[in-house]
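A.B. asks: In terms of the numbering used here, the sequence shown opens at residue 2 and continues consecutively.
Here's a structure for you.
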Amino acid sequence: GGIYRRMQVAHLKLCASRAFWLVAYPSQGHEMLFDAHTRSFGALGGVPRRGIYDNMKTAVDKVNKGKGRAVNARFAVMCAHYLFDPDFCNVAAGWEKGIVEKNVQDSRRRIWLDAQDCQFHSFEELNAWLGQRCRALWNELTHPQYS
């Protein structure tokens with residue numbers, strides 16, 4: 002039994018340590034974006050100096066020529082609050098955030114396959130489980146330079 006439900010998952014990853022954090026939500030919006038950053042920075046133990054983003058609507062109001070972006074005002078306030086600089090990928094250039102894209106593939110294998118055997122009664126319960134899985138997998142991560 003149970004109900005299958007579509008969800009949105011925020012996925013933040015640190016470049017140097019390769020540590021990552023997943024948070025699930027019922028829908029996507031600014032509240033999800035802000036909460037995901039708050040939870041991730043807390044779990045990861047700090048705020049990076051820079052974040053690399055695709056051109057999601059919650060962060061970019063308009064893509065201009067080249068690297069020019071009209072950054073969403075609410076997103077800009079969040080970046081100023083946490084004192085980090087956002088960088089945006091070029092349009093249709095997903096390889097620019099390849100570290101995260103690869104980690105999304107890996108998490109599908111290493112986390113979500115295990116989740117199929119579980120039942121979660123709330124997003125809080127799911128996110129607690131995701132937090133445990135993320136922390137457990139951090140011990141298996143090595144930076145490619147040290148592999």
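Just so you know, even glycine gets a beta-carbon here, dropped at the ideal spot from N, CA and C.
Does the distance from the CB of residue 57 to the CB of residue 34 come in under 9 Å?
C.D. replies: Going by C-beta atoms, residue 57 is nearer than 9 Å to residue 34.
A.B. asks: Rounded to whole angstroms, what is the Cα-Cα separation between residue 8 and residue 41?
C.D. replies: 18 Å
A.B. asks: Within a Cβ cutoff of 7 Å, which residues of the same chain sit near residue 73, ignoring the five residues on either side of it in sequence?
C.D. replies: Contacts found: 59, 60, 61 and 62.
A.B. asks: In angstroms with no decimal places, state the Cα-to-Cα distance between residue 4 and residue 121.
C.D. replies: 10 Å
A.B. asks: Please go through the region 106–144 and give each complete alpha helix (DSSP H) segment of 4 or more residues, from N-terminal end onward.
C.D. replies: Secondary structure in the region 106–144: the alpha helix (DSSP H) runs of 4 residues or longer, each lying completely within the stretch, are 124–139 in chain order.
A.B. asks: What would DSSP say about residue 163, mapped onto helix, strand or coil?
C.D. replies: The shown model of the chain, from 2 to 148, leaves out residue 163, and the question about it has no answer.
A.B. asks: One question on the structure: do residue 24 and residue 140 come within less than 9 Å of each other, judged by their Cβ atoms?
C.D. replies: Taking a C-beta distance under 9 Å as the contact criterion, residue 24 and residue 140 do not qualify as a contact pair.
A.B. asks: Run through DSSP, which three-state label would residue 15 get?
C.D. replies: coil
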